[in-house]
Ligand code: AMP
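Numbering (the working numbering), first residue to last: 7 to 224.
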């Protein structure tokens, strides 16, 4: 089974995908994480992607599609994938569907995480992530015990370069213009589940697990 997580920046896709990976054994594939790793490592892909990430713009479809399709062809994705941040445009959705069909595979469920705009903004501008174990904190409601230090592993916390007020407003506009059409597309296919993204992480995960249990395998 493969599933897609849809939702605005700050909706909780990354947090929930990590929890679902643990709960289901499916592989969490996050296109944004792949780009951030490439930027950090200074690879040609990272150099190409950096300016798009910094401005909150989408990386061109052909680049993203090539990167993700190559990644899901790896053996560790054979048990099913949780897509986080991909697809983000109708072109990406078509390319994914075509690639899966070639292997008699499909998307079983699309989970749309919904969160009010003021909460999204607070989640994004307050977000700090551990460089070492990727644990996520928030200065407004989940602050670490010592500023800048991870409670779990003592690693440094960093703020993403695109998690500032100016860029988040643009990222929300980009989401509404380019990614929202996918909601209707997947609703039309009868596989869209709207999930209330407010509440404790565990509560939201339980809602998602319940939705997945109703989905048909391919
Ligand atoms: P995210 O971590 O999902 O918020 O993604 C961070 C940034 O990576 C986005 O603002 C885009 O610049 C880029 N990105 C991630 N996924 C995609 C995608 N599917 N299509 C285009 N750009 C993407």
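Glycine included, C-beta positions come from ideal geometry on N, C-alpha and C. Just so we're clear, the structure is a prediction, and the values are computed from it rather than from any experiment.
In chain order, each alpha helix (DSSP H) run of at least 4 residues that lies wholly inside the stretch 76-135:
96-107 and 123-131
For residue 143, does the three-state DSSP call read helix, strand or coil?
Stepping through the chain shown from its first residue, residue 143 is reached at position 137. DSSP places residue 143 in strand when its eight states are reduced to three.
Contact between the stretch 169-180 and the stretch 75-91 is defined here as three or more beta-carbon pairs at a separation below 8 Å; is this criterion met?
no
Residues of its chain near residue 143, where Cβ-Cβ distance is below 7 Å and the 5 sequence neighbours each way are ignored
Locating residue 143 in the chain shown gives position 137, counting from the first residue. Here the set comprises 134, 149, 150 and 163.
Exposed or buried, what is residue 40 when buried is set at 16 or more other beta-carbons lying within 10 Å of its beta-carbon?
Sequence index remark: in the chain shown, residue 40 carries index 34 (1-based). Under this definition residue 40 is a buried residue.
Quick one: what does DSSP say residue 158 is sitting in, helix, strand or coil?
The count along the chain shown starts at 1 and reaches residue 158 at position 152. Residue state, collapsed to three classes: coil.
Indicate whether the contact test is met: 3 or more Cβ pairs, each with one atom in the stretch 207-223 and one in the stretch 120-133, closer than 8 Å.
no
I'd like to confirm the pairing. Which residues does DSSP put opposite residue 35 in its beta bridges?
In the chain shown, counting from the first residue as 1, residue 35 sits at position 29. Answer is 89.
Does the contact criterion of 3 or more C-beta pairs under 8 Å hold for the stretch 195-208 versus the stretch 12-32?
yes
Quick one: measure Cβ to Cβ for residue 20 and residue 36, integer angstroms, because I've assumed they're closer than 8 Å.
Stepping through the chain shown from its first residue, residue 20 is reached at position 14. Stepping through the chain shown from its first residue, residue 36 is reached at position 30. At roughly 6 Å, the Cβ-Cβ gap stays under 8 Å, so residue 20 and residue 36 are in contact.
Looking at residue 167 and the ligand AMP, is the gap between the Cβ and the nearest heavy atom below 6 Å?
What you label residue 167 is simply residue 161 of the chain shown in a count that begins at 1. No - the ligand AMP has no heavy atom lying nearer than 6 Å to the Cβ of residue 167.
Measuring CA to CA, which of 145, 78 and 219 is closest to residue 29?
Mapped onto the chain shown, residue 29 falls at position 23. Closest by alpha carbon: 219.
List the whole-angstrom C-beta distance separating residue 217 from residue 201, where the pair is believed to meet the contact cut-off of C-beta under 8 Å.
As a first step, residue 217 must be located in the chain shown, where it is residue number 211. As a first step, residue 201 must be located in the chain shown, where it is residue number 195. Yes, residue 217 and residue 201 are in contact; Cβ-Cβ is about 6 Å, under 8 Å.
Compute the minimum distance between the beta carbon of residue 37 and the heavy atoms of the ligand AMP, and state whether it is under 6 Å.
On the chain shown, position 31 is the one that residue 37 refers to. At least one heavy atom of the ligand AMP is nearer than 6 Å to the Cβ of residue 37, so yes.
What do you get for residue 55, buried or exposed, if any count of 16 or more other CB atoms within 10 angstroms of its CB means buried?
Sequence index remark: in the chain shown, residue 55 carries index 49 (1-based). Buried, since its Cβ has 16 or more Cβ neighbours within 10 Å.
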